[in-house]
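Here the structure comes first, spelled out in structure tokens, and everything after it is commentary.
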Amino acid sequence: MTVTRSTLLRGTAAALAGALASPAIAQPLERLPLTLNWKIQGLHGAFFLALERGYFRAEGLNPDIVAGDGSANVVNRLAGGAFQIGLGDVASLVRFNAQNPERRVKAIYNQTPADLVVMSLRGRGISKPDDLRGRLVGAPVGDAAFKMFPAFTAATGVPASAIRWEHMAPNIREAMLIQGRVDAITANEGTALFNLKAAGVRQEDMVFLRYSDFGINIVNAGMMANESFLREKPETVRKVLRAVNRGLVESVANPAASLDALMRKDPLLNRGIEAERLMYSIARMVEQPDAREGGLGFYNEANVRRSIEIVTAAEGLPAPIAVGDFMDLSFLPPASARVIPAIGRV
Amino acid sequence: MTLAARRRLREALSPALFVAALLLAWEIASRALGISKFVAPKPSEILPIFAQRGAEILPHAAQTLSTTLAGFVVGVALGFALGVALGASRRFYAMVFPTLIGVNSIPKVAIVPLLVLWAGIGTVPAVVTSAVIVIFPIAVVVSASIATMDAELADVLRSLGASRLLALAKVGVPQSMPAFFGALKVAITLSFIGSILAESVAANRGLGFMMNRAASDFDVELVYSGLLTLAAMGIALYLASLALERRVVGWADRRG
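Listed in order, the protein sequences are those of chains A and B.
1 is the number of the first residue of the first sequence in the UniProt record's numbering; add one for each residue after it.
1 is the number of the first residue of the second sequence in the UniProt record's numbering; add one for each residue after it.
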């Protein structure tokens with residue numbers, strides 16, 4: 001038979017009709033930009049595992065997962081409207097929601113608590129908070145441990161004014177410590193520890209002044225969303241949390257798969273370092289009291305209230321916000337889906 | 001008022017009126033479209049910040065202005081000298097220019113963190129970045145202008161016994177001035193970019209630092225007031241270079 005334009009058209013139409021009738025295309029996937037808190041690393045593997053394994057597709061979602069540029073900046077990304085949901089530092093919501101009650105961003109899923117730390121190296125003469133007096137300490141201005149330093153002061157008696165602060169971008173903080181341009185740095189332990197390791201510093205040569213050792217425990221990484229989005233698209237939010245939760249549960253049970261998904265997303269990552277970072281984050285996620293009490297994603301109300309009080313005092317805000325203005329746990333998947341599995345091997 | 005005076009007044013006022021019209025259009029568009037302050041605050045939200053928190057902004061602005069000026073002066077001097085050498089000698093040009101292109105192709109964002117590790121935090125990297133960023137455009141424009149200097153004039157001078165160097169000083173350099181002042185205006189804006197870049201990577205003072213900190217406190221109005229301050233300082237430097245240009249190469253302006 002000769003191919004004419006009309007037979008071609010008819011053939012195409014038939015093919016299209018067949019495709020449209022198949023169930024996979026019958027329901028178009030809902031596109032959704034989703035921001036992470038920082039450059040792709042560690043537990044982010046859970047998101048890409050969820051993507052690869054089709055956990056999002058099973059919910060009818062097609063998320064566009066984007067790397068972050070600082071966990072405290074995620075709330076800016078959400079408030080600006082480019083994103084409606086993402087993984088970020090929920091402690092930043094204490095200030096944001098206090099100042100912007102008309103466009104709150106709410107915590108909806110707890111990932112990991114903060115691991116705030118002042119870090120130094122052996123041989124710099126710093127082993128306890130008092131040793132920081134008169135020393136040079138490097139701190140990115142947006143760094144959570146720097147912002148929470150007033151809480152460290154309250155617990156240790158070392159005022160910020162006794163320290164000579166040097167401010168720099170987070171990506172050169174560890175290099176400045178190694179170079180000796182600063183005597184110590186403020187950081188999230190999981191970030192600085194592995195950055196220093198990747199730069200060849202041995203863990204036994206690192207000195208950690210952990211905020212948690214002085215009773216300062218606050219919330220950190222969690223899923224958050226615009227309050228307006230929670231109101232307008234509650235089903236979409238539930239679907240996102242179901243998929244993310246499946247990714248996280250699977251990452252705990254099978255870290256190797258999570259790491260594989262991460263490495264496929266960014267082959268330039270150092271697999272050894274990322275494996276350690278992942279296991280560190282998993283341990284922090286499952287060992288926190290909130291998760292032990294209510295499963296992954298859960299926030300204990302009393303712990304949250306305590307976090308809000310610490311942040312409010314440290315940042316000099318007029319009054320703490322209500323727990324209900326900070327978080328909304330009604331979008332969490334059922335507790336049975338959030339049971340912590342045994343930690344697998346990487 | 002004479003006709004000429006009125007025309008001068010109109011010329012002096014028109015840039016200010018244009019800025020005012022822009023701000024007004026921004027305000028109206030922002031209100032009409034209901035744009036959130038996290039996307040872009042309205043001028044009516046930003047301008048009061050200068051009255052309320054001017055004392056907070058001033059030391060940062062002074063720091064940025066001084067590092068930028070220092071870098072600008074150093075960079076322009078180096079760029080000019082390099083440009084004259086490149087324009088005067090074909091052999092030097094052939095030897096150095098490819099390297100210059102290569103060095104300038106390295107993004108400054110990648111250099112600043114290294115500068116900070118070498119030179120420490122604060123003023124030095126800001127001055128260096130602001131200088132490095134202006135050398136190239138000045139050198140390129142000046143060298144092209146010197147290389148194409150009026151051959152007849154140069155020949156006349158040389159036939160009268162002038163050395164090559166003297167011909168360069170009497171013909172090449174003066175002829176390159178209009179182009180040099182054009183490049184200067186590009187360099188002003190670039191040198192601000194350089195110092196702000198360095199300040200936002202590592203500094204304890206300066207507008208780059210202030211805007212970084214304000215952003216981490218969700219203080220959007222302060223971020224934007226920093227941006228407007230930068231714009232204003234850029235315009236001030238532009239006006240200064242314009243005054244200098246009128247003195248030095250007023251002869252070259254053929255506009256009616």
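Note that beta-carbon positions come from the ideal geometry of N, C-alpha and C, so glycine has one too.
Hey, how far is the Cα of S130 (chain B) from the Cα of M210 (chain B)?
In a straight line, the C-alpha of S130 (chain B) is about 18 Å away from that of M210 (chain B).
On the DSSP bridge list, what partners appear for P113 (chain A)?
A:V219
With a cut-off of 8 Å, does the C-beta of A291 (chain A) fall near any C-beta of chain B?
no
Beta strand (DSSP E) segment containing T186 (chain A), residue limits:
Going by DSSP, T186 (chain A) is part of the beta strand (DSSP E) stretching over A184 to N188.
Along the chain, where does the beta strand (DSSP E) containing G206 (chain A) start, and where does it finish?
Position check: residue 206 (chain A) holds Met in this sequence, whereas Gly was assumed. Per DSSP, M206 (chain A) belongs to the beta strand (DSSP E) from M206 to R210.
My output table needs one value for P23 (chain A): the three-state DSSP class, helix, strand or coil.
Residue confidence for P23 (chain A) is low, a pLDDT of 48 falling below 50, so the modelled location carries little weight; the figure read from the coordinates is stated next. Three-state DSSP puts P23 (chain A) in a helix.
Compute the distance between the beta-carbons of L259 (chain A) and G45 (chain A), then report whether it is under 8 Å.
yes
Please list the terminal residues of the continuous alpha helix (DSSP H) segment that includes P234 (chain A).
P234 to A253
Could you check the C-alpha separation between I188 (chain B) and A240 (chain B) for me, to the nearest Å?
11 Å
Neighbourhood of N217 (chain A) by C-beta distance below 7 Å, restricted to the same chain and skipping five residues each side
These residues qualify, in order along the chain: P113.
Residue burial classification, S120 (chain A) (beta-carbon count within 10 angstroms, cutoff 16):
buried
Is it a yes or a no for the segment 219 to 238 of chain B touching the segment 151 to 169 of chain B, going by three-plus beta-carbon pairs under 8 Å?
no
Is any beta-carbon of chain A found at less than 8 Å from that of G120 (chain B)?
yes
To the nearest whole angstrom, what separates the beta carbons of L116 (chain A) and V182 (chain A), a pair I think is in contact under 8 Å?
L116 (chain A) to V182 (chain A), Cβ: 17 Å. No contact.
P59 (chain B): contacting residues in chain A (beta-carbon distance under 7 Å):
Chain A residues near P59 (chain B): none, gap ~15 Å exceeds 7 Å.
Could you work out which residues of chain A lie near F38 (chain B), taking near to mean beta carbons separated by less than 7 Å?
N76, A79 and G80
Mind pulling the chain A residues with CB within less than 8 Å of F180 (chain B)?
None at all; the shortest Cβ gap to chain A is about 35 Å.
Three-state secondary structure (DSSP) of S89 (chain B)
coil
With DSSP run on the structure shown, which of helix, strand or coil describes A91 (chain A)?
Three-state DSSP puts A91 (chain A) in coil, outside helix and strand.
Count the other CB atoms within 10 Å of the CB of K39 (chain A); is the residue buried (16 or more) or exposed (fewer)?
Per the 10 Å Cβ criterion, exposed.
Nearest chain A C-beta to V116 (chain B) closer than 8 Å, yes or no?
So, interface residue.
Rounded to whole angstroms, what's the CA-CA distance from R345 (chain A) to V252 (chain A)? Just pull it up for me.
9 Å
Where A86 (chain A) sits in the DSSP three-state scheme:
What sits at residue 86 (chain A) in the sequence shown is Gly, not Ala. Residue state, collapsed to three classes: strand.
In whole angstroms, what is the alpha-carbon distance linking A144 (chain B) and P125 (chain B)?
Going by the C-alpha atoms only, they are around 30 Å apart.
Three-way DSSP call (helix, strand, coil) for R164 (chain A) in this model
strand
Check whether the segment 12 to 19 of chain B and the segment 195 to 211 of chain B are in contact - that is, three or more C-beta pairs closer than 8 Å.
no
Residue-chain proximity (R213 (chain B), chain A), Cβ-Cβ < 8 Å:
Interface residue, yes.
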